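Residue numbers (full-length UniProt numbering): 1 to 137.
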């Protein structure tokens, strides 16, 4: 979404008249741990499935009826992106993007990669390897 001269938001050249809470159907919770730095990418069908001619009809049918914002997220995430990048590039609130990405992950259309910092504290083994490497310098 980008702002045009009139200050209205647009999606694909069309005026967006939908409020952010309507995009998520009023939901504010998401089922995955989605920090701002969490990386996400679009899942395409397996090359083996494609070679065998196996097509996921349910995935194709849901793609036709997706909201423009969902299609934009899928397109942006063809390369690896962070949740914050997706939010910024689409000019959508972070909470809305988290809910939509969570939905796509539940449908198996987006892969969510957890960050190393998701634990309670620093990883002791990693810090020891780092210290050992610094000592060797």
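Beta carbons: idealized from backbone N, C-alpha and C, even for Gly. Remember, predicted model here, so these are calculated numbers, not experimental data.
Distance, residue j Cα to residue i Cα
i	j	result
residue 104	residue 136	45 Å
residue 79	residue 37	15 Å
residue 100	residue 113	16 Å
residue 97	residue 123	29 Å
residue 92	residue 73	11 Å
residue 132	residue 69	47 Å
residue 88	residue 76	11 Å
residue 127	residue 111	28 Å
residue 102	residue 86	13 Å
Residue span of the beta strand (DSSP E) that contains residue i, given as start and end
i	result
residue 112	110–113
Assigned secondary structure, residue i (DSSP; H/G/I helix, E/B strand, else coil)
i	result
residue 82	strand
residue 40	strand
residue 68	helix
residue 97	helix
residue 31	coil
residue 92	coil
Cβ-Cβ separation, residue j to residue i (assumed contact under 8 Å), whole Å
i	j	result
residue 34	residue 83	5 Å
residue 40	residue 71	At roughly 15 Å, the Cβ-Cβ gap does not stay under 8 Å, so residue 40 and residue 71 are not in contact.
Residue i: first and last residue of the uninterrupted alpha helix (DSSP H) it sits in
i	result
residue 134	124–136
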